[in-house]
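Chemist:
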Amino acid sequence: MDLIARYKEVRQRTEKICSYLQTEDYVVQPVVDVSPPKWHIGHVTWFFETFILKPYFMGYKEYNPDYNYVFNSYYETVGTRVIRTDRGNLSRPTVIEIYSYRKYVDEAMEGFLCGEVGDDVKELLILGFNHEEQHQELLMTDIKYILGHNPLFPAYNKNYAAPRIDEGEGDAFISMDEGIYEIGFTGDGFCFDNELNRHKVYLNAYEISPKLVTNAEYLEFINSGGYHDFRHWHAEGWDWVKTNKVEAPLYWHLIDNEWHNYTYHGLEPLHLKDPVTHISYFEAYAYASWKGLRLPTEFEWEAASSKFNWGRRWEWTESSYLPYPGFAKAPGAIGEYNGKFMVNQKVLRGASEVTPPGHSRATYRNFFQTNLRWQFTGIRLAR
């Protein structure tokens, strides 16, 4: 791998995503789950400075000691940090200053990568590339939330085009035999630690849909009174619906009795054939219940994943986010990357239209709390 070329590619893609923003767009934090774009720009830069340059590049001078406090996300090992809810209060450092920081670190990184790089550092670099790609997806979803909650519904990019993924013909469910299946990452290349270790699971016979649930299909659920029928909801989900007065997926707006949807192009009439997205686990579960079906487990999803096309939506599963057998956290701050979050979350499988190219795998385990829906989340049914 040409490390310099790979580094530049990843870093340039982040800046391309932000190239459509106005300066004011960089600083907004409407809710705790959404970080201001300028914080993302600084955080992924801090990652390379903290885990590569400071420990391994002899003579490197830290750009600004205060930035460890500002841009550390959740690494207790590395020190104190600005609490997540306060990221939107960071009017300083400015956007210009953060880009200067980014340029400073990029120049140092390119100098560092001109020399010999050991295998241990190479592993950290590859983790850093994948970490920044994760933030590229978060940037896209956070930007959508920021602009989608602006009363004017401004477009992010009028020329935005989602990658096309052909789900194929036919609606017949895919039959999977009962038996023992191997789950988890294997082979060469990168994976996150939560995809290890590969292990065997026994699955009963099941069937899984080759297609995602569409907006038109989900609209039937809404029109049938699905959001007002407690029978289809978990108790916690029903409380969530009533407390938040939820009536439809995030970004759906009923205007003059016609459903509209906020997209990267701005507010548009709802595209009925598109896969439904921006729904919580609560909603995915309720829809499946209303259909008399269920969500697949993450193991069922992975075992069948080669038999259908996936990648347009992160797909909620019925699996709690837990460690695989033999899972062990790495020492130090890197060990905080995944293991500490293995509680009170559900696994999502697949990828989304804003997942960076080459960043998805059939073994990839995404995870979120059951009420969250700002990501491109969708539904695949099983029975």
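Each residue of the sequence shown is one higher than the last, beginning at 49 in this note's numbering.
Heads up, the beta-carbon is just placed ideally off N, CA and C, and yes, glycines get one too.
Predicted model, so just to flag it, every value in this text is computed and none were measured.
Report back the beta-carbon spacing between F233 and T425 to the nearest angstrom; my notes put them in contact at under 8 Å.
Modeler: Residue 233 sits at position 185 when you count from the first residue of the sequence shown. Residue 425 sits at position 377 when you count from the first residue of the sequence shown. Not quite, the Cβ-Cβ distance comes to about 23 Å (not below 8 Å), so this is no contact.
Chemist: By Cβ distance below 8 Å, which residues in the same chain neighbour N178 in space, the five residues on each side in sequence not counted?
Modeler: On the sequence shown, residue 178 is found 130 positions in, with the first residue counted as 1. Within the same chain, N178 has close Cβ partners F238, F240, H407.
Chemist: Could you check the C-alpha separation between A220 and A253 for me, to the nearest Å?
Modeler: On the sequence shown, position 172 is the one that residue 220 refers to. On the sequence shown, position 205 is the one that residue 253 refers to. Each residue's Cα considered, the two are about 16 Å apart.
Chemist: For P85 and A334, I'd like the C-alpha separation in whole angstroms.
Modeler: To locate residue 85, count along the sequence shown from 1; it is residue 37. To locate residue 334, count along the sequence shown from 1; it is residue 286. The straight-line gap from Cα to Cα measures roughly 33 Å.
Chemist: Relative to the C-alpha of L251, which residue among I228, L200, W338, N242 is closest?
Modeler: As a position in the sequence shown, residue 251 is number 203, starting the count at 1. Comparing Cα positions, the closest option is I228.
Chemist: Skipping 5 residues on each side, what residues in its chain have a beta carbon closer than 7 Å to that of Q184?
Modeler: Counting from 1 along the sequence shown, the entry for residue 184 is found at position 136. Within the same chain, Q184 has close Cβ partners R61, T62, I65, P404.
Chemist: N242 to R413, Cα distance in whole Å?
Modeler: If you number the sequence shown from 1, residue 242 lands on position 194. If you number the sequence shown from 1, residue 413 lands on position 365. So the alpha carbons of these two residues sit roughly 7 Å apart.
Chemist: Is it right to say H326 is buried, meaning 16 or more other beta carbons lie within 10 angstroms of its own, or is it exposed?
Modeler: Residue 326 sits at position 278 when you count from the first residue of the sequence shown. Its Cβ being crowded by 16 or more others within 10 Å, H326 is buried.
Chemist: Just list the alpha helix (DSSP H) runs in the stretch 282-354, keeping only unbroken ones of 4 residues or longer that don't cross its boundaries, in chain order.
Modeler: For the stretch 282-354, whole alpha helix (DSSP H) runs of length 4 or above, ordered along the chain, are 283-292, 329-338, 346-352.
Chemist: Considering only C-alpha positions, which residue in the set V92, G166, F415, H276 is nearest to W364?
Modeler: If you number the sequence shown from 1, residue 364 lands on position 316. It is F415.
Chemist: Among the candidates D190, A336, E366, K339, whose CA atom is the shortest distance from the CA of E350?
Modeler: Sequence index remark: in the sequence shown, residue 350 carries index 302 (1-based). Comparing Cα positions, the closest option is E366.
Chemist: Between the alpha carbons of K56 and V153, how many angstroms are there, rounded?
Modeler: On the sequence shown, position 8 is the one that residue 56 refers to. On the sequence shown, position 105 is the one that residue 153 refers to. Approximately 12 Å, taken between the alpha carbons.
Chemist: Any contact between the stretch 307-326 and the stretch 257-270? By contact I mean 3 or more CB pairs, one from each, below 8 Å.
Modeler: yes
Chemist: For A378, collect the residues of the same chain with a Cβ closer than 7 Å to its Cβ; drop the 5 residues on either side in sequence, then sort them by chain order.
Modeler: As a first step, residue 378 is located in the sequence shown; it is residue number 330 there, counting from the start. Excluding residues within five positions, the ones whose Cβ falls inside 7 Å are D241.
Chemist: With C-beta atoms as the reference, is E331 less than 9 Å away from R421?
Modeler: For the purposes of this step, residue 331 is taken as residue 283 along the sequence shown, with counting starting at 1. For the purposes of this step, residue 421 is taken as residue 373 along the sequence shown, with counting starting at 1. Yes, Cβ-Cβ distance for E331 and R421 is below 9 Å.
Chemist: If we require 3 or more residues per run, which beta strand (DSSP E) segments fall completely within the stretch 122-199?
Modeler: none
Chemist: Closer than 6 Å by C-beta to F120: which residues in its own chain qualify, once you throw out the five before and the five after it? Chain order, please.
Modeler: For the purposes of this step, residue 120 is taken as the residue at position 72 of the sequence shown. Note on residue identity: the sequence assigns Asn, not Phe, to residue 120. Close CB contacts of N120 within its chain, under the 6 Å cut and outside five residues either way in sequence, are with V126, R129 (chain order).
Chemist: Report, in whole angstroms, the separation of the C-beta atoms of G274 and H280, which I expect to be a contact under 8 Å.
Modeler: Mapped onto the sequence shown, residue 274 falls at position 226. Mapped onto the sequence shown, residue 280 falls at position 232. So it is a contact: roughly 6 Å between Cβ atoms.
Chemist: Please name the residue, chosen from R409, L429, V402, T418, that lies closest to R20 on a Cα-to-Cα basis.
Modeler: Within the shown structure, residues of the chain are numbered from 49 to 431, placing residue 20 beyond reach of any answer.
Chemist: Given Y372, which residues of its chain have a CB within under 7 Å of its CB, disregarding the five upstream and five downstream residues?
Modeler: If you number the sequence shown from 1, residue 372 lands on position 324. Closer than 7 Å at Cβ, skipping near neighbours: G232, L244, N245, H247.
Chemist: What number of angstroms, rounded off, separates the C-alpha of D73 from the C-alpha of G196?
Modeler: For the purposes of this step, residue 73 is taken as residue 25 along the sequence shown, with counting starting at 1. For the purposes of this step, residue 196 is taken as residue 148 along the sequence shown, with counting starting at 1. So the alpha carbons of these two residues sit roughly 12 Å apart.
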